[in-house]
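What the sequence shown shows, in mature numbering (1 follows the signal peptide of the UniProt record, and there is no 0), is residues -28 to -1, 1 to 316, in sequence order. Just so it is clear, CB atoms sit at the ideal spot from N, CA and C, and this is done for glycine as well. Keep in mind the model is a prediction, meaning the values are calculated, not measured. In what follows, a structure is listed as structure tokens, so that the remarks can point back to it.
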Amino acid sequence: MNTTAIGSALLLARLWLLFLLVPQPGSGQLLDAACGIRAGSVASKVIRGNIAGLTSSPWMVFLHSTDDRFVCGGTLITPRLVLTAAHCFLPGTHLVARLGEYQRSQDDKCHNTAAGPYCTMREEHYVDAGFRNRLYDKSTQSNDIAILRMITPVVYKDNIRPICIVLNPRWRNFIDNLNPLVGTGWGRTHNEPDSDHLMTLNIQRQDPEICSEYINSPPLASNQFCAGNLESNLCNGDSGGPVGAMVRIGDKMRFVQIGIASYTNRQCAYASVFTDVLSHANWILQVVRNYGDGQPIARQARTHNRPNRAPHRRTQAPKWSPPAAQSSHRRQSYTFYTSWPATW
């Protein structure tokens, strides 16, 4: 009897059993098992929004360029991946993800809280790859969703944790009936510039016709939804950020991301359009499994031409307003992957 062959077969069988027993990314109903949990003692309670608590939204990501221009919000979904809006990609811009951000004008500092001094430490992570949904339609902002990959993974702590992404489509009816939703971002407050502090705002779901009326938007796709308030709304600077709700999952209350801020009207009034996250669960899971651990990616041919001249350099965050209507022959189609540096 060949004992070497038998030993090798037993080893392979054990390795295969171990593979089956170890949970794979997205193998449960949530993308990350450590998601959506706030630090208890420090958390406290956009236009007409409230200042967020120090650790009330530890999944928030402040996306900026290498020359420190604010670009968009985003959410941490795994140790290396950030969820944001597809339109947040800017021509010729290299992105940096800042995590643990709270007050933009302040460096790392300590705050006096009811539980005693609490120090917020920010982290900066360069983005090495961007994944924009190939079905993103610039004319309607349908499929306005993208994922950024950071060069190095983060270590979870009180002020840096992932948001929950639900993968199970059987959650659809439950999610569609969650109301109100909570939006978070560094967008404008009243008539002021972008907020210095992270802000939160409760917003109500609205009929799609409300967005069509107040934003003059095209009819919403099934992977979009409308939400907003009469006197308060998300605004410029909140783009790419989350709306969601606290949900009991098992024995814990967790914050689940329901939508991604896509666009609103120039007055930031009444209503905004959001990308529905559950509609893109399979796409998110595909990116996580194929590229979420830093796997190399073969460059793909682009489906559109690179501009002949250097793109216009923005001096401020892009306006978050309805896209101009385009005829179908002018609509661009994008490949699944765009490598670093993210220029197109």
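Beta-carbon contacts of residue i that lie in its chain and below 7 Å, excluding the five residues immediately before and after
i    : result
D248 : N195, Q196, F197 and G231
N151 : Q176 and R177
Q1   : V138, L139 and N140
G8   : I135, C136, R226, F227 and V228
L202 : Y242
F61  : G102, R104, A118 and A314
N174 : P152 and V154
H59  : Q113 and D116
Residue span of the beta strand (DSSP E) that contains residue i, given as start and end
i    : result
R226 : K224 to T236
I221 : P214 to I221
D210 : First-last for D210: undefined, no H or E at that position.
A69  : L67 to L71
H97  : E95 to R104
L53  : L53 to T56
Local Cβ density within 10 Å of residue i, reported as buried at 16 or more and exposed below that
i     : result
Q229  : buried
N254  : exposed
K17   : Model confidence at K17 stands at a pLDDT of 33, short of 50, so the residue's coordinates are unreliable and nothing is read from them.
G157  : buried
R226  : buried
G200  : buried
L(-8) : With a pLDDT of 33 at L(-8), under the threshold of 50, the predicted position of this residue should be treated as unreliable, and no value is reported.
D109  : buried
R10   : buried
G222  : exposed
F146  : exposed
T112  : buried
I123  : exposed
P30   : buried
Y98   : exposed
T38   : exposed
D4    : buried
R121  : buried
P214  : buried
N149  : exposed
D210  : buried
D130  : buried
The alpha helix (DSSP H) enclosing residue i, as first and last residue numbers
i    : result
P180 : P180 to I187
V43  : First-last for V43: F42 to L48, but that is the beta strand (DSSP E), not the alpha helix (DSSP H).
L257 : A253 to Y263
Beta bridge counterpart(s) of residue i as assigned by DSSP
i    : result
Q196 : T247
T38  : The partner list for T38 (beta bridge, DSSP) is empty, contrary to what the question assumes.
L2   : V138
R177 : A199
8 Å CB neighbourhood of residue i in its chain, flanking five on each side removed
i    : result
D265 : R52
Y128 : A6, P51 and P134
H252 : N105, N115, I117 and N195
E95  : R70, L71, G72, V126 and I132
D179 : C198
Near the ligand MN: residue i beta-carbon under 7 Å from a heavy atom
i    : result
R144 : Of the ligands one can find in the structure shown there are none, so the ligand MN has no counterpart to examine.
Own chain partners of residue i with C-beta closer than 6 Å, once the 5 adjacent residues on each side are dropped
i           : result
residue 349 : A query on residue 349 cannot be resolved here, the shown segment of the chain reaching from -28 to 316 and no further.
L67         : L35 and V99
Y242        : Y186 and G200
M218        : M225 and F227
residue 318 : Beyond the ends of the chain as shown, which are -28 and 316, falls residue 318; an answer cannot be given.
L107        : N115
Query raised in the report: Which full runs of the beta strand (DSSP E) of 3+ residues lie inside the region 109 to 148, going along the chain?
Result: Taking only runs of at least 3 residues, the beta strand (DSSP E) segments lying wholly in the region 109 to 148 are 118 to 122.
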